[in-house]
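> My questions will all concern the structure given below.
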Amino acid sequence: MAPRRSRTTARDRSRRVLSQNFLADPAAVARMVRAARPDPDDLLLEVGAGRGQLTRPLADRCGRLIAYEVDPAVLTELTEVCAALPRVRVRPADFLAATPPDEPFSVVGNIPWSLTAGVVRWCLAAPHLRSATLLTQLEYARKRTGDRGRWSRLTVLTWPEHHWRLAGRVPRTAFRPVPAVDGGILRLERRAEPLLSRAALPAYRRMVELGFGGVGGSLAASLRAAHPAARVDGALRAARLAPDTPVGLVWPEQWLVLFRLLHAVDPARPRRRRRG
């Protein structure tokens, strides 16, 4: 006889869809709050507020907090918790469908892990975002922050405007239910001033896309598709990069060196005279 299947409840299915793993360790909650560094004047948006484990300590340290929670199974408890927090407004809505505030703000959250990519894209696209402190799967946070010595396309593309770093680790035992993997605190900060001029950013992004495109089998070959070989070789030497360096091992700072050298005015090229 085949083994009997256990019947899943609506709550079980909701948890699977929403990837809900609530923080149950006070030390992990405190670590998240320290990483977020809320300011008394800050407007915070909390993603996946759950039962309010992060909401309460964050509300004590910020000016205003909007707590997003879409799961009806925990909304009643969250609303009761926030009733005693005058700075908090609960929004039973999908954060990813929300319009970003038209004033400076920050995002904090123990986010549903299945929605990580969408939340990160939302944050990157929000023009007034100051920072995002997100509790993600540890491997995702390490991938985006170069913690393994490799850098992702998204990180390199956005590096002139955003700084990415791994702000801490949270063991899987700090969550309920306990997930299969540990968590990582991903800290995303918008730079006060971009590392490149606004006018240069589209050309920088095209160069990065070209480099990650794999044309020719190496970074050098990809860049030679758009730039003279001698100039590419000189830029690689200046950035301390061997021609066969895998693209994922190139630091964001080295990408900036390559861009500045490959897009600088060639001193050997005669300039056109202005007509009087």
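Mapping the sequence shown onto the numbering used here, position 60 (from 1) lands on 101, and the numbers just tick up by one. Yeah, the Cβ is synthetic: ideal placement off N, Cα and C, and Gly gets one too. Please read these numbers as outputs of a predicted model, since none were measured by experiment.
Measure the C-alpha to C-alpha separation of Q178 and A271 and round it to an integer number of angstroms.
Using only the alpha carbons, I get a separation of about 43 Å.
> Pick from G91, L119 and L86: whose alpha carbon is nearest that of G104?
Nearest C-alpha to G104: L86.
> Does the stretch 259-268 come close enough to the stretch 212-229 that 3 or more CB-CB pairs lie under 8 Å?
No, because fewer than three Cβ pairs between the stretch 212-229 and the stretch 259-268 fall closer than 8 Å, the two stretches do not touch.
> What is the rounded straight-line gap between the Cα of A82 and the Cα of V122?
First, the residue type needs correcting, since residue 82 is Asp and not Ala in the sequence shown. Their backbone Cα atoms lie some 22 Å apart in a straight line.
> Going by DSSP, what residues sit across from L227 in a beta bridge?
According to DSSP, which records beta bridges pairwise, L227 is partnered with L175 and L207.
> Does the distance from the C-beta atom of H203 to that of E180 stay below 8 Å?
No, they are not a contact pair.
> Measuring only the C-alpha atoms, how far is Q61 from P153?
One C-alpha to the other measures close to 6 Å.
> With three or more beta-carbon pairs closer than 8 Å as the criterion, would you say the stretch 219-239 touches the stretch 249-260?
At 8 Å Cβ cutoff, the stretches do not touch.
> Does DSSP put R246 in a helix, in a strand, or in coil?
R246 falls in the helix class under three-state DSSP.
> With distances taken between CB atoms, is the gap from L119 to R92 smaller than 8 Å?
Their beta carbons are under 8 Å apart, which means L119 touches R92 by this criterion.
> When we look at the beta-carbon of A182 and count the other beta-carbons within 10 Å, is it buried (16 or more) or exposed?
It is buried - the Cβ of A182 has at least 16 other Cβ atoms within 10 Å.
> At which residue ranges does the stretch 232-300 contain complete alpha helix (DSSP H) runs of 4 or more residues, listed in the order of the chain?
DSSP runs (the alpha helix (DSSP H)) wholly in the stretch 232-300: 242-253, 260-265 and 270-279.
> Is L86 helix, strand or coil by DSSP?
L86 falls in the strand class under three-state DSSP.
> Hey, how far is the Cα of R232 from the Cα of P201?
Between R232 and P201, the C-alpha separation is close to 8 Å.
> Would you mind stating whether P145 and R171 have Cβ atoms separated by less than 8 Å?
Yes, they are a contact pair.
> Can you pull the DSSP bridge partners for Y109?
Paired residues: V88 and R132.
> List the whole-angstrom C-beta distance separating L95 from R128, where the pair is believed to meet the contact cut-off of C-beta under 8 Å.
Wrong, their Cβ atoms sit about 14 Å apart, outside the cutoff.
> Grouping DSSP H, G and I as helix and E and B as strand, with all else coil, what is S147?
It is a strand residue.
> From H300 to V149, what does the alpha carbon distance come to, in whole angstroms?
Here the sequence assigns Phe to residue 300, which means His is not the residue at that position. So the two alpha carbons sit approximately 33 Å from each other.
> When you compare only the Cα positions, how much space is there between V249 and S155?
The alpha-carbon atoms of V249 and S155 are separated by roughly 27 Å.
> With H, G and I counted as helix, E and B as strand and the rest as coil, what does DSSP make of L126?
In this structure, L126 counts as coil in the three-state DSSP scheme.
> Just how far apart, CA to CA, sit W163 and R130?
In a straight line, the C-alpha of W163 is about 20 Å away from that of R130.
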